[in-house]
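1 is the number of the first residue of the sequence shown in full-length UniProt numbering; add one for each residue after it. We put the CB at the ideal spot given by N, CA and C, even for glycine. The structure presented is a predicted model; accordingly, all values stated were derived computationally and were not measured. A quick write-up on the structure given underneath.
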Amino acid sequence: MHLTLRQLQIFDAVLQQESFTRAADALHLTQPAVSMQMRQLEEQIGVPLFDHVGKKIRPTDAGRELHRHTTLIGAKMRDLESAMEEFRGVHRGELDLTVASTANYFMPKLIAAFCACHARVQVRLQVSNQTHILETLSATNQDLAIMGQPPEDSELVARAFLDNPLMVIASPEHPLAGRRKIPLTELGCQPFITREPGSGTRNAAERHFSRLGVEFHSVMEMSSNEAIKQAVEAGLGLGILSLHTLELELAIRRLVTLDVESFPIVRQWFVVHRKGKRLSAVAQSFLTFITQQARPLASPKHPQQAPLLIP
Numbered sequence: 001m002h003l004t005l006r007q008l009q010i011f012d013a014v015l016q017q018e019s020f021t022r023a024a025d026a027l028h029l030t031q032p033a034v035s036m037q038m039r040q041l042e043e044q045i046g047v048p049l050f051d052h053v054g055k056k057i058r059p060t061d062a063g064r065e066l067h068r069h070t071t072l073i074g075a076k077m078r079d080l081e082s083a084m085e086e087f088r089g090v091h092r093g094e095l096d097l098t099v100a101s102t103a104n105y106f107m108p109k110l111i112a113a114f115c116a117c118h119a120r121v122q123v124r125l126q127v128s129n130q131t132h133i134l135e136t137l138s139a140t141n142q143d144l145a146i147m148g149q150p151p152e153d154s155e156l157v158a159r160a161f162l163d164n165p166l167m168v169i170a171s172p173e174h175p176l177a178g179r180r181k182i183p184l185t186e187l188g189c190q191p192f193i194t195r196e197p198g199s200g201t202r203n204a205a206e207r208h209f210s211r212l213g214v215e216f217h218s219v220m221e222m223s224s225n226e227a228i229k230q231a232v233e234a235g236l237g238l239g240i241l242s243l244h245t246l247e248l249e250l251a252i253r254r255l256v257t258l259d260v261e262s263f264p265i266v267r268q269w270f271v272v273h274r275k276g277k278r279l280s281a282v283a284q285s286f287l288t289f290i291t292q293q294a295r296p297l298a299s300p301k302h303p304q305q306a307p308l309l310i311p
């Protein structure tokens, strides 16, 4: 076989776009040129790579296997480019980040500060929950992930860089609003609005209640922090969310935090990558930046309190 990198690039674009026409547009090629390259690729490999499902193009089993290898090849090419740029002293290129949905409340601020010093860096940001992030880290094209406490895994390298206080929130009209030093046991009979299974915030809350021998009643699951805040504001139950997500609602008193014993749960944010992964010059620069600058730039603030900086 005499495959070219250009053929593999076009093949990846076709799978991403699920269309020869859209792939051609993305690559600034004509549709006949894309079709010809893919026809030649199938002839060289000797098996069909695509199935036509309605108007969409999906990979065959052989196509999926080829895509697995093209992903590896693409990652190696990026490593090569980064290595050569290091020799030239160039700090530019692309940075692939995957972040937990809660971290997306402060990450744009950090990314903006980083890009202000590295104007030639292009950042690709993917937002997901912790379970999906761990799956994504197994893919070789991810540079770094921002997430809560990762599992003990010999294949991961994790560095804590910022506090993540989890607060109990309620509607201002809730009977517990304004009370001081509420025992955790009183929350055992309260309904909670929670994130979906796999969320780091939900996992931390359930572990905290279990460790202290108090039942945790999740009566409704929602897939976003914003949906939880709206449900709590409407009086459907209590919530547990990161203070990073609450600054606006607390400032205008759409929500209040409850003074519950053993709260806040102070977790950490971690920057994570696979062990043995060669970080590009850009990724290494971002890793250094975030571990040094995250606290002064992105520590959460409670409207009635000083910034929560836990040593």
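Alpha-carbon to alpha-carbon, residue j and residue i
i    : j    : result
P296 : I290 : 10 Å
A205 : E186 : 15 Å
S242 : L49  : 45 Å
V232 : A170 : 6 Å
F263 : I182 : 10 Å
K223 : Q40  : Residue identity differs from the one stated: residue 223 is Ser in this sequence, not Lys. Looking at the two C-alpha atoms, the distance is approximately 44 Å.
T201 : G276 : 29 Å
R22  : H118 : 31 Å
Q44  : T4   : 11 Å
S101 : E65  : 31 Å
D51  : P59  : 6 Å
V256 : L279 : 42 Å
N164 : R6   : 44 Å
L184 : M107 : 32 Å
H2   : A298 : 50 Å
P172 : V14  : 52 Å
DSSP bridge partner residues for residue i (one or two, in chain order)
i    : result
F50  : P59
R159 : V271
R124 : D96
F289 : Answer is none; F289 lacks a bridge partner.
R195 : M222
I182 : V260
H217 : P191
S242 : L166
A145 : T98 and V272
S265 : The question names Ser, but residue 265 is Ile in the sequence shown. According to DSSP, I265 bridges with L166.
Helix, strand or coil at residue i [DSSP, three-state]
i    : result
N129 : coil
P175 : coil
L110 : helix
A234 : coil
I252 : coil
H69  : helix
S19  : coil
E247 : helix
Residues of its chain near residue i, where Cβ-Cβ distance is below 7 Å and the 5 sequence neighbours each way are ignored
i    : result
R274 : L137, E155 and L156
M220 : I193, A231, L236 and G237
V127 : V99, S101 and N104
Neighbourhood of residue i by C-beta distance below 8 Å, restricted to the same chain and skipping five residues each side
i   : result
S19 : K55, K56 and I57
Same chain, Cβ closer than 6 Å to residue i, neighbours up to 5 away in sequence not counted
i    : result
R124 : D96
(request) Taking 8 Å as the threshold, find out whether the region 259–270 comes into contact with the region 126–135 through three or more Cβ pairs. (result) Between the region 259–270 and the region 126–135, the count of Cβ pairs shorter than 8 Å is below three; the stretches do not touch.
(request) Could you tell me whether the region 226–237 touches the region 203–214, where touching means 3 or more Cβ pairs closer than 8 Å? (result) The answer is no - the region 203–214 does not touch the region 226–237, with fewer than three Cβ pairs under 8 Å.
(message) Tell me whether the region 26–42 and the region 8–15 touch, counting them as touching only if at least three CB pairs, one residue from each stretch, are closer than 8 Å.
(response) Touching, yes, given that three or more Cβ pairs across the two stretches are closer than 8 Å.
(request) Answer yes if the region 140–155 comes into contact with the region 94–106, meaning at least three C-beta pairs across the two stretches below 8 Å, and no otherwise. (result) Taking a contact to require three or more Cβ pairs closer than 8 Å, the region 94–106 and the region 140–155 qualify as touching.
(request) Please confirm if the region 110–122 is in contact with the region 250–262, defined as three or more CB-CB distances below 8 Å between the two stretches. (result) Remark: fewer than three beta-carbon pairs, one from each stretch, lie closer than 8 Å, so the region 110–122 and the region 250–262 are not flagged as touching.
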